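Residue numbers (my numbering): 4 to 102.
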């Protein structure tokens, strides 16, 4: 089991653009083999901080996700919407990797 938490700080004027771009990406991701959960949440303390919470059967299932057409399309939109680089945490029972 692999858990992923991706924290995105969004430019305030680009928040709605990012949220709209995320909808088809989330829908397609939930159909990917090995994807058990894929949710987008808004921080309670900062409406411009968005958090993806993901659960995958394994790292092997997550790998093709980043190369998928829907992630590439979302990434193109997100690049213009983010206020800085995302923080991505990969969590397993053994360790937490942050990138």
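Glycine included, every Cβ here is placed at the ideal spot set by N, Cα and C. This structure is a prediction, so every number in the text was calculated from the model and none was measured.
Three or more pairs of CB atoms, one per stretch, sit closer than 8 Å, so the region 16–29 contacts the region 76–96. Taking a contact as a CB-CB distance under 8 Å, the pair residue 32 and residue 73 counts as one, their CB atoms being some 7 Å apart.
Here residue 66 is exposed, its C-beta having fewer than 16 other C-beta atoms within 10 Å. A Cβ-Cβ distance of about 7 Å is found for the pair residue 56 and residue 40, placing them in contact under the 8 Å criterion. Considering only 16, 11, 62, the residue with the shortest C-alpha distance to residue 94 is 62. Across the set 98, 69, 45, 37, the C-alpha of 45 shows the shortest separation from the C-alpha of residue 18. Of all alpha-carbon atoms in 28, 51, 30, the one lying nearest the alpha-carbon of residue 10 is that of 51.
Sixteen is the threshold: since fewer than 16 other Cβ atoms of the shown chains lie within 10 Å of the Cβ of residue 101, the residue is exposed. Here residue 13 is buried. Its C-beta has 16 or more other C-beta atoms within 10 Å. Sequence-distant partners of residue 86 (beyond 5 residues in either direction) whose C-beta falls short of 8 Å from its own C-beta, in its chain, are 12, 13, 14, 51.
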